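Q: Can you read through this structure? Questions will come right after.
Residue numbers (the working numbering): 695 to 1138.
Okay, structure coming up:
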């Protein structure tokens, strides 16, 4: 039998193979570790290096959305105070008309009434002037007869009025007597109904106690008693009310009779005094007549001032931009923001730019500006004339869905030059884009 002899001092069979594969792997691992460490150190060294940030270029223009409007803003012409509820009868202008200050724009339906009041006041002025001339010329026999006739007329009027008032008092007393009698009959009837209801209730109580009727029947009898009592009391109250009301009317009619008696007596007394003085022309009479003329003239001026409220006039020269109230429509109240029509001085147009509050500090009066709009084929030129003092929400926005529609802005007014104003005179409220040139030195 053959066998294999192994030397006990020799190495294990695999001992000779370990250096062949383990050493390259170990070396590669060491290289990877060293390389990663070097890269990490370089990365953090590069990240910690200072970064140089370049400052943005200086802003040369500020752009903002805005609108066109006449210089001095749009005036909403309203009807005069106290005319709310009246009707506009005539509209004397049309859209686009140029008007001068003081021109009548519209006529209200109260014009005819106020015109009649002016005519009446003018008549009274003429009458007072004629009376003054008569006083200065002295009294005549005809004047004395006229004054005597007036006294007699006062007497007749006094007698007629007193007779009519006395008849009214008698009629009121008769009405009081009849109404009180009728209502007293109602009170008596209600009292009898109440007594009958009480008797019925007592009978129903006995029947209920003896078991002859139900509780609901007894309660119904009790309700009738309460109802009859209430109706009785109401009839009594109505009687007192009628008596009090009619007596008050009688007292008022008697007071009116006393006033007629006293007033007419005073008129007759005054007429007699005038008759005594009419034959004599005194300076005092002339002064009184002159005062009456002055009073009549003052009343005429007041009537003319009232008539003026029947017209809507242009407060300044300008162009009619929009009409809110037309002939036949009712004048709105003073609190209404529309008024009758809009008026603007379109010969000088301005662009109202809504500048962000963060940029408004760069804007100052005198800076030039360029105005653009899609409906205008060319650029408009102007100059900043006013920078607002109030921060408010943005009113003019573009169609970009990403734009900020809740921005805070300040209104800046740009006055267009004559040529630009003429081109956009009919484009009030047109949305525009305004570019304000900051690259200039403007003295404040």
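Glycine is no exception: its CB is placed at the ideal position from the N, C-alpha and C atoms. Quick caveat, the model's predicted, so the values are computed rather than measured.
What three-state label does DSSP hand residue 1066 in the structure shown?
A: Translated into positions along the chain shown, residue 1066 becomes position 372. It is a strand residue.
Q: Tell me which residues share the same chain as residue 984 and place their Cβ nearer than 8 Å to its Cβ, disregarding the 5 neighbours each side in the sequence.
A: In the chain shown, residue 984 corresponds to position 290, counting from 1. The answer, listed in chain order, is 826.
Q: From the DSSP output, in three-state form, read off residue 774 for me.
A: Start at 1 with the first residue of the chain shown, and residue 774 comes out as number 80. Residue 774 falls in the coil class under three-state DSSP.
Q: Using only alpha-carbon positions, find the residue among 1086, 1113, 1116 that is nearest to residue 1102.
A: Taking the first residue of the chain shown as 1, we reach residue 1102 at position 408. Ranking 1086, 1113, 1116 by Cα distance to residue 1102 puts 1086 first.
Q: Can you tell me which of 801, 882, 1042 puts its alpha carbon nearest to the alpha carbon of residue 767?
A: Position 73 of the chain shown holds residue 767. It is 1042.
Q: Going by alpha carbons, who is nearest to residue 902 out of 957, 756, 916?
A: Your numbering for residue 902 matches position 208 in the chain shown. Among 957, 756, 916, the Cα nearest to that of residue 902 is on 916.
Q: Assuming residue 1038 contacts residue 1015 under a Cβ cut-off of 8 Å, what Cβ separation, rounded to an integer in Å, is found between them?
A: Counting from one through the chain shown, the residue named residue 1038 turns up at place 344. Counting from one through the chain shown, the residue named residue 1015 turns up at place 321. Right, the Cβ-Cβ distance comes to about 5 Å (below 8 Å), so this counts as a contact.
Q: Look at the Cβ atom of residue 884, then the Cβ atom of residue 936, and state whether they are nearer than 9 Å.
A: Stepping through the chain shown from its first residue, residue 884 is reached at position 190. Stepping through the chain shown from its first residue, residue 936 is reached at position 242. Cβ atoms of residue 884 and residue 936: not closer than 9 Å.
Q: Quick one: complete alpha helix (DSSP H) runs, 4+ long, within the stretch 788-874?
A: Counting only runs of 4 or more, we get 805-831.
Q: Could you tell me if residue 1126 is buried or exposed, where buried requires 16 or more neighbouring beta carbons within 10 angstroms of its beta carbon?
A: On the chain shown, position 432 is the one that residue 1126 refers to. Flag for residue 1126 reads buried.
Q: Could you compute how far the alpha carbon of residue 873 sits from the alpha carbon of residue 865?
A: Against the chain shown, residue 873 aligns to sequence position 179. Against the chain shown, residue 865 aligns to sequence position 171. Taking the straight line from one Cα to the other gives about 12 Å.
Q: Since residue 982 is in the alpha helix (DSSP H), which residue starts that stretch and which ends it?
A: On the chain shown, residue 982 is found 288 positions in, with the first residue counted as 1. Unbroken alpha helix (DSSP H) run through residue 982: 977-1002.
Q: Buried or exposed for residue 1040, going by 16 or more other Cβ atoms inside 10 Å?
A: Along the chain shown, one-based indexing puts residue 1040 at 346. Buried: at least 16 other Cβ atoms inside 10 Å.
Q: Let's test the definition: count the other Cβ atoms within 10 Å of the Cβ of residue 1013 and tell me whether it reaches 16, buried, or not, exposed.
A: Position 319 of the chain shown, counting from 1, holds the residue named residue 1013. Answer is buried; the Cβ neighbour count reaches 16.
Q: Going by DSSP, which residues form a beta bridge with residue 1050?
A: Working through the chain shown from its first residue, we reach residue 1050 at position 356. BP columns for residue 1050 point to 1103.
Q: Whose C-beta lies closer than 6 Å to the C-beta of residue 1053 among residues of the same chain, with five residues either side of it excluded?
A: Stepping through the chain shown from its first residue, residue 1053 is reached at position 359. So the list reads 756, once near-sequence residues are dropped.
Q: Measure the C-alpha to C-alpha separation of residue 1007 and residue 796 and round it to an integer number of angstroms.
A: Your numbering for residue 1007 matches position 313 in the chain shown. Your numbering for residue 796 matches position 102 in the chain shown. Rounded to whole angstroms, residue 1007 to residue 796 spans 5 Å at the Cα level.
Q: Can residue 1044 and residue 1061 be called in contact, C-beta distance under 9 Å?
A: Here residue 1044 is taken as the residue at index 350 of the chain shown, counted from 1. Here residue 1061 is taken as the residue at index 367 of the chain shown, counted from 1. It is not a contact, given that the beta carbons lie outside the stated cut-off.
Q: When the Cα atoms are used, what is the spatial distance from residue 741 to residue 1105?
A: Working through the chain shown from its first residue, we reach residue 741 at position 47. Working through the chain shown from its first residue, we reach residue 1105 at position 411. With a pLDDT of only 48 at residue 741, under the threshold of 50, the placement of this residue in the model should not be trusted; the figure read from the coordinates follows. Cα-Cα distance, rounded: 47 Å.
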